[in-house]
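To keep things clear, I will list the structure first and then write my remarks on it.
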Amino acid sequence: MASTCAAWTPLSVIYDDNGSYVRYDIHEKSTWMLLIEPGILLNSPINYLRAGIGDTLAKWYEGNTLAEKLATKSVCIELAHLAARQCQEVLLTYGEEALADLEKGKWTDALQRVIETNIITSGLVGGFGGQYLRVAGAHSINNGMTSVTQAHHLLHGEKVAYGILVQLVLEGKFSEIKQLLPIYRVLKLPMTLLDIGLTVEHKAELQQIAAHSVKEGEDIHLLFPDINKEKVAAAMENLEILTNHVSPS
8 MASTCAAWTP
18 LSVIYDDNGS
28 YVRYDIHEKS
38 TWMLLIEPGI
48 LLNSPINYLR
58 AGIGDTLAKW
68 YEGNTLAEKL
78 ATKSVCIELA
88 HLAARQCQEV
98 LLTYGEEALA
108 DLEKGKWTDA
118 LQRVIETNII
128 TSGLVGGFGG
138 QYLRVAGAHS
148 INNGMTSVTQ
158 AHHLLHGEKV
168 AYGILVQLVL
178 EGKFSEIKQL
188 LPIYRVLKLP
198 MTLLDIGLTV
208 EHKAELQQIA
218 AHSVKEGEDI
228 HLLFPDINKE
238 KVAAAMENLE
248 ILTNHVSPS
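Going by our numbering, the residue at position 122 of the sequence shown is 129; the numbering climbs one at a time, nothing skipped.
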């Protein structure tokens with residue numbers, strides 16, 4: 008599945024028996040060999056590729072914000088930053104076409120670019136950048152979402168895609184949200200509470216997501232050292248207002 012960079016990245020995410028996020032482990036070595044077989048991927052469910060796009064878009068929106076905080080960057084971090092930008096550019100350019108091609112069962116340049124970006128370029132971001140560019144706010148929101156059963160119908164990358172928007176609200180980057188929402192609609196990525204199985208009336212669940220996303224050790228603290236569950240819950244509610252007031256392009 009081209010749904011994450013897991014096949015390429017020396018990292019394992021651990022969940023409990025209920026599907027809730029526990030931690031991630033970093034390994035000393037990457038996979039010895041990775042084969043990407045078009046015949047297998049052409050028969051894979053389209054929602055996995057869609058989730059891969061969501062997960063990989065976060066490489067830019069999380070990585071760029073982290074990189075901007077660094078006073079100096081090593082060559083490896085610069086390479087990771089460039090790879091993160093490449094992820095965004097390829098997916099925004101070819102994502103829609105790649106999903107359509109997969110639905111038709113056609114192996115095309117667009118589909119190959121997106122699949123390789125989801126697995127290879129995405130893996131290079133964490134591989135070269137390490138903790139400086141790997142994950143931040145969007146993945147912490149995903150981790151919080153794993154704690155509520157209503158969101159269990161979503162794949163990892165779909166949760167991360169929603170987390171990107173919440174992170175951007177917390178950053179006050181509303182112009183970037185406005186740029187992304189029409190793309191999310193086309194790609195059918197989640198952007199509202201209804202998309203993740205909730206409404207604003209689910210106060211307890213929203214608080215639970217928020218509380219889990221700001222636990223000690225969560226990477227959202229790399230961006231917002233003083234973050235708390237109230238700020239995250241407010242950001243989710245503010246995003247709901249934004250998504251309901253931005254007209255489709």
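The C-beta atom is built at its ideal place from N, Cα and C for all residues, glycine as well. All of these numbers come straight from a predicted model, not from anything done at the bench.
- The C-alpha of residue 245 is placed about 30 Å away from the C-alpha of residue 133.
- The residues 101, 104, 105, 108, in chain order, have a CB closer than 8 Å to that of residue 117 in the same chain once the five nearest residues on each side in sequence are set aside.
- With contact defined as three or more Cβ pairs closer than 8 Å, the stretch 8-21 and the stretch 32-48 are in contact.
- Look at residue 221 here: in three-state DSSP terms it is coil, with no helix or strand label.
- By the CB criterion at 7 Å, residue 143 and residue 247 fall outside the cutoff.
- For residue 19, the enclosing beta strand (DSSP E) begins and ends at 18-22.
- Taking 8 Å as the upper bound for CB-CB distance, residue 66 and residue 94 are in contact here, some 4 Å apart.
- For residue 30, the enclosing beta strand (DSSP E) stretches over residues 28-33.
- For residue 67, the secondary structure class from DSSP, reduced to helix, strand or coil, is helix.
- For residue 141, the three-state secondary structure derived from DSSP is coil.
- Residue 174: member of the alpha helix (DSSP H) spanning 163-178, first to last residue.
- Residues 65, 68, 69, 167, 170, 171, 174 of the same chain have their beta carbon placed closer than 7 Å to that of residue 145, with the five preceding and five following residues left out of the count.
- For the pair residue 204 and residue 164, the Cα-to-Cα distance works out to about 16 Å.
- A direct Cα-Cα distance of roughly 14 Å separates residue 125 from residue 44.
- For residue 40, the three-state secondary structure derived from DSSP is coil.
- Between residue 250 and the set 227, 198, 222, 241, the nearest pair of CA atoms involves 198.
- If you draw a straight line from the Cα of residue 150 to the Cα of residue 238, it comes to about 16 Å.
- Burial is judged here by how many other beta carbons sit within 10 angstroms of a residue's own beta carbon; residue 19 has fewer than 16 and is exposed.
- Secondary structure of residue 208 (DSSP, three-state): coil.
- In the three-state scheme derived from DSSP, where H, G and I count as helix and E and B as strand, residue 154 is classed as coil.
- Under a 10 Å Cβ-count criterion, residue 59 is classified as buried, with 16 or more other Cβ atoms of the shown protein chains found around its own Cβ.
- DSSP places residue 201 in no alpha helix (DSSP H); its state is neither H nor E.
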